[in-house]
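Q:
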Amino acid sequence: METVVSGIRSTGKLHLGNYYGAIKNFIRMQDEFNCYFFIADLHSLTTHPTPENLHDTVRQVVVEYLAAGIDPEKATIYVQSHVTEVIELYLYLNMNAYLGELERATSFKDKVRANPDNVNAGLLTYPVLMAADILLHRATKVPVGKDQEQHLEMTRTFGNRFNRMYKHDYFPEAFAFSYSDKLIKIPGLDGKGKMGKSEGDANCVYLSDSPEAIRKKVMKAKTDSGPTIENQQKPQEIQNLFDLMKVVSTPDTVAHFDELYNKCEIRYGDFKKQLAEDMVSATEPIRSRIEAISADDAYVSRVVAMGAEKARESARKTIKDVREIIGFRSF
Ligand code: TRP
4 METVVSGIRS TGKLHLGNYY GAIKNFIRMQ DEFNCYFFIA DLHSLTTHPT PENLHDTVRQ
64 VVVEYLAAGI DPEKATIYVQ SHVTEVIELY LYLNMNAYLG ELERATSFKD KVRANPDNVN
124 AGLLTYPVLM AADILLHRAT KVPVGKDQEQ HLEMTRTFGN RFNRMYKHDY FPEAFAFSYS
184 DKLIKIPGLD GKGKMGKSEG DANCVYLSDS PEAIRKKVMK AKTDSGPTIE NQQKPQEIQN
244 LFDLMKVVST PDTVAHFDEL YNKCEIRYGD FKKQLAEDMV SATEPIRSRI EAISADDAYV
304 SRVVAMGAEK ARESARKTIK DVREIIGFRS F
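Counting along the sequence shown from 1, when you hit position 38 you're at 41 in the working numbering, and nothing is skipped either side.
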């Protein structure tokens, strides 16, 4: 069975975009592949989180992934820093990662531009740690978006370089994986692009949002003054709300409001009320599971310990082989 690895940014709460994008895919993959999903807390150190903040956000991400449907009996869900073997592999890979190629990485250049006062070595070698995450389990599939393509290419470069250097065909090549070519786009509520945390809290519907919070956000979403010509094209902010409705409502509901729009009879108040209620229904089961799981410290600890144990089993084997290949042998 093929092995899948994916790192989850430990930035706290999940929104509908995360859910209908990455998480739905994870839920499907856990039935078909040998999956390792981990919270990338080592990576997050590049931005120097406080100790309290680090722990809380990592715990919240674990809780929300479990609530959303990642099954710890099927997939291995773990916290990256619990599997310290990755740090050792990262060191080995660093010896064959060159300054020039690391400096050329788009994500590095973006971060340097955004935070010129925090250009640390961890940031520079971020792609090496990511390669270590993937190579640690000798994965072949990585469910990530376009923005991570360059990192995957670097992962293949580092793995191949190791193989060549030690004349061992040890690390397989990993490629981006997704079930379909067209990712479903989850727009935000700001009338512009996709739902994303960096666009602000008002733009995102979080899985942990209360029904009242969801209603408030949706009712505040931007609309125009309404259609004036039959069958006219929808402006982006209206199209976005219809796209969101397609995700959470029944096709009949979407068709109903589409028809009203086309006849210039739509009332945005009613439309948004329906959208909000359907969002509440879609997220309610997850929200109540988030609360239940979050309150159950024993369960969360058990899941995390089990994940670390399973991940370490695979990691230990790789490290043992790699040490042998490199030439660290017992005396
Ligand atoms: N760089 C990824 C991101 O920003 C997170 C990540 C870290 C990752 N390690 C990984 C993704 C390993 C896939 C595999 O989203």
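Think of the CB as a built atom: it goes at the ideal place given N, C-alpha and C, for glycine as much as any other residue.
So what does Ala-179 bridge to, in DSSP terms?
A: Along the sequence shown, one-based indexing puts residue 179 at 176. DSSP lists Val-145 as partners of Ala-179.
Q: Is it the case that the CB of Met-133 approaches a heavy atom of the ligand TRP more closely than 7 angstroms?
A: As a first step, residue 133 must be located in the sequence shown, where it is residue number 130. Flag set: Cβ of Met-133 near the ligand TRP.
Q: Determine whether the beta carbon atoms of Ser-9 and Val-115 lie at a separation below 8 angstroms.
A: Working through the sequence shown from its first residue, we reach residue 9 at position 6. Working through the sequence shown from its first residue, we reach residue 115 at position 112. It is not a contact, given that the beta carbons lie outside the stated cut-off.
Q: Where do the ends of the alpha helix (DSSP H) carrying Val-307 lie?
A: By 1-based counting over the sequence shown, the position of residue 307 is 304. Where Val-307 is concerned, the enclosing alpha helix (DSSP H) stretches over 300-329.
Q: In three-state terms, what does DSSP make of Gly-24?
A: Residue numbering aside, residue 24 sits at position 21 when the sequence shown is read from its first letter. In the structure shown, Gly-24 sits in a helix (DSSP, three-state: H, G or I).
Q: By Cβ distance, which residues of its chain are closer than 6 angstroms to Leu-374, with the 5 residues on each side in sequence left out?
A: Given a span of 4 to 334 for the chain in the structure shown, any question on residue 374 remains unanswerable.
Q: Which partner residues does Cys-38 have in the DSSP bridge list?
A: As a position in the sequence shown, residue 38 is number 35, starting the count at 1. The partner list for Cys-38 (beta bridge, DSSP) reads Val-7.
Q: Leu-48: which of His-171, Leu-278, Gln-83 sits nearest, CA to CA?
A: Translated into the one-based positions of the sequence shown, residue 48 becomes position 45. Looking at the Cα atoms, Gln-83 is the closest of the given residues.
Q: Please name the residue or residues paired with Ile-80 in a DSSP beta bridge.
A: What you label residue 80 is simply residue 77 of the sequence shown in a count that begins at 1. The secondary-structure analysis by DSSP pairs Ile-80 across a beta bridge with Phe-40.
Q: If you count every other CB in all the chains shown that lies within 10 Å of the CB of Ala-301, and 16 or more means buried, which is it?
A: For the purposes of this step, residue 301 is identified with residue 298 of the sequence shown, where counting begins at 1. Ala-301 should be labelled exposed.
Q: Could you check the C-alpha separation between Lys-144 and Arg-12 for me, to the nearest Å?
A: Sequence index remark: in the sequence shown, residue 144 carries index 141 (1-based). Sequence index remark: in the sequence shown, residue 12 carries index 9 (1-based). Rounded to whole angstroms, Lys-144 to Arg-12 spans 18 angstroms at the Cα level.
Q: Please tell me whether, using a cut-off of 7 angstroms, the distance from the CB of Val-2 to the nearest non-hydrogen atom of the ligand TRP is below it.
A: Absent from the model: residue 2. The displayed extent of the chain is 4 to 334, so no value can be given.
Q: Taking 7 angstroms as the limit between beta carbons, can you name the residues of its chain near Met-4, skipping five residues before and five after?
A: Sequence index remark: in the sequence shown, residue 4 carries index 1 (1-based). Contacts found: Phe-36, Asn-37.
Q: Quick check on DSSP: helix, strand or coil for Lys-197?
A: One-based indexing of the sequence shown puts residue 197 at position 194. Of the three classes helix, strand and coil, the one that applies to Lys-197 here is strand, per DSSP.
Q: Quick one: does the C-beta of Arg-141 sit closer than 7 angstroms to a heavy atom of the ligand TRP?
A: As a working note, residue 141 is residue 138 in the sequence shown. Because no heavy atom of the ligand TRP lies under 7 angstroms away, the Cβ of Arg-141 does not count as near it: no.
Q: Bridge partners of His-18, per DSSP?
A: Start at 1 with the first residue of the sequence shown, and residue 18 comes out as number 15. DSSP lists Tyr-209 as partners of His-18.
Q: So within the stretch 59-146, which uninterrupted alpha helix (DSSP H) runs reach at least 4 residues, ignoring any that extend past its ends?
A: Whole alpha helix (DSSP H) segments, 4+ residues: 88-97, 102-107, 109-117, 124-127, 129-138.
Q: Can you find the residues in the same chain that come closer than 6 angstroms, C-beta to C-beta, to Glu-280, ignoring five residues on each side of it along the sequence?
A: Taking the sequence shown and counting its residues from 1, the one referred to as residue 280 is at position 277. No residues qualify anywhere along the chain.
Q: Can you name, in chain order, every residue of its own chain whose Cβ lies under 6 angstroms from the Cβ of Thr-79, other than the five neighbours on each side?
A: For the purposes of this step, residue 79 is identified with residue 76 of the sequence shown, where counting begins at 1. Hits under 6 angstroms: Tyr-39, Gly-310, Lys-313, Ala-314.
Q: Would you list the residues sitting across from Pro-335 in a DSSP beta bridge?
A: The requested residue 335 does not occur in the structure, where the chain is confined to residues 4 to 334.
Q: Say the cut is 7 angstroms; is the CB of Ser-13 nearer than that to a heavy atom of the ligand TRP?
A: Counted from its first residue, the sequence shown places residue 13 at position 10. Ser-13: no, Cβ never under 7 angstroms from the ligand TRP.
Q: Rounded to whole angstroms, what is the Cα-Cα separation between Phe-178 and Ala-318?
A: Taking the sequence shown and counting its residues from 1, one reaches residue 178 at position 175. Taking the sequence shown and counting its residues from 1, one reaches residue 318 at position 315. Using only the alpha carbons, I get a separation of about 20 angstroms.
Q: So, with DSSP's three-state summary, where would you put Lys-225?
A: Along the sequence shown, one-based indexing puts residue 225 at 222. The answer is coil: DSSP assigns Lys-225 none of H, G, I, E or B.
Q: May I ask you to report which of helix, strand or coil DSSP gives Phe-174?
A: As a first step, residue 174 is located in the sequence shown; it is residue number 171 there, counting from the start. Note: Phe-174 maps to coil in three-state DSSP.
Q: Within the present structure, is the beta-carbon of Asp-113 separated from the nearest heavy atom of the ligand TRP by less than 7 angstroms?
A: Locating residue 113 in the sequence shown gives position 110, counting from the first residue. Not under cutoff, so the answer is no.
Q: Looking at C-beta atoms only, is the number of pairs between the stretch 186-206 and the stretch 11-25 that lie closer than 8 angstroms three or more?
A: yes
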